[in-house]
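Visitor: Please see the structure below; I have some questions.
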Amino acid sequence: MNHQMTVEEIKAEILRRFNDKVRHKKPDIAKEVNARHDGKQGHWLEQQMGLKANRSNDPDMYGFEMKNHTRGKTTFGDWSADYYIFKDANYGISRDSFLQIFGKPNQDKKGRCSWSGEPAPKIQGFNSFGQRLVIDNENNILAVYCFSQDQRPHKRQVVPPNLQKENLILAQWHYQSIKTKLENKFNQLGWFKCTQNAEGIYDGLVFGRPINFDNWLACVQTGEVFFDSGMYQGNSRNYSQWRANNTFWDSLIVSRH
């Protein structure tokens, strides 16, 4: 962060860039290549705001994290777990096997298995695949599997005998790891979001207050913050997204411009 600028001066500079380069514009994404539609819009916005695309875990601008307009939910980050059972030599299963055992085949994708949607664990309780998220006494977040809670009629054929267990840890996010990632980005000065109208034209900028780990974890416990997994066969990226609905983000807004 630039320590010679006050918070109000930083906000004014962010707003100046937005007003000069973004407001009243619709993203020109025709020239963008090698990205999904949403990714192209994000890249265009970064360029207009004078940011270089990077994978650093620091805030985007002078201590503020920038978020782009989204329709329903907004992402904190794509944070892979610190432990996955398919990396544990004690169990001897590959990532591909993990997706076949604990994921769901998609008939529209030639039976490609993914750990997303229905099998992906949530905090509210066990899903039909016998999985759920839990927070342990040390504030680690765990994805666990219980064979007794697995409602799939063919589970004995799908799940190998050595995995037919209770409270089997499939993935674990260590407290310190996720705290560092979250607070580096969102607990400096806060965050801002560039909003669009129904026609996709940027029409506003909002600033939101900082988010610390304790408050964030409390929202994981209530389900307001959720694990939105997108892991699938044929792609090495884990797509371990942590997100919240926009009503949650809206509750943190401190000013609108």
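Each residue of the sequence shown is one higher than the one before, starting from 0 at the first, in numbering that gives the first Met the number 0. Think of the CB as a built atom: it goes at the ideal place given N, C-alpha and C, for glycine as much as any other residue.
Assuming contact is defined by CB atoms lying nearer than 8 Å, are R242 and T73 in contact in what I supplied?
Guide: Yes; because the gap between Cβ atoms is below 8 Å, this pair is in contact.
Visitor: When we look at the beta-carbon of R255 and count the other beta-carbons within 10 Å, is it buried (16 or more) or exposed?
Guide: Per the 10 Å Cβ criterion, exposed.
Visitor: Just to confirm, is the Cβ distance from L167 to V143 under 8 Å?
Guide: Yes, Cβ-Cβ distance for L167 and V143 is below 8 Å.
Visitor: If you run the structure through DSSP and keep just helix, strand and coil, what is D81?
Guide: The answer is coil: DSSP assigns D81 none of H, G, I, E or B.
Visitor: State the beta-bridge partners of D149 as determined by DSSP.
Guide: BP columns for D149 point to F128.
Visitor: Roughly how many angstroms lie between the CA atoms of E223 and D87, to the nearest whole one?
Guide: Straight-line Cα distance between these residues: approximately 30 Å.
Visitor: Looking only at its own chain, which residues have a Cβ that is under 6 Å from the Cβ of N1, when we skip the five neighbours before and after it?
Guide: Residue confidence is low: N1 scores 49 on pLDDT, short of 50, so the model does not pin down where it sits. Its coordinate-derived value is still stated next. Excluding sequence neighbours, N1 sits near Y61.
Visitor: Could you have a look at N1 and say whether DSSP puts it in helix, strand or coil?
Guide: Low confidence applies here, because N1 scores a pLDDT of 49, under 50, leaving its location unreliable; read the following figure in that light. Three-state DSSP puts N1 in coil, outside helix and strand.
Visitor: How long is the line joining the alpha carbons of A217 and Y231, rounded to whole angstroms?
Guide: Rounded to whole angstroms, A217 to Y231 spans 29 Å at the Cα level.
Visitor: So, at 8 Å on beta carbons, what are the nonlocal neighbours of G71 in its own chain, with the 5 sequence-adjacent residues on each side left out?
Guide: Answer for G71: N244 and N245, listed in chain order.
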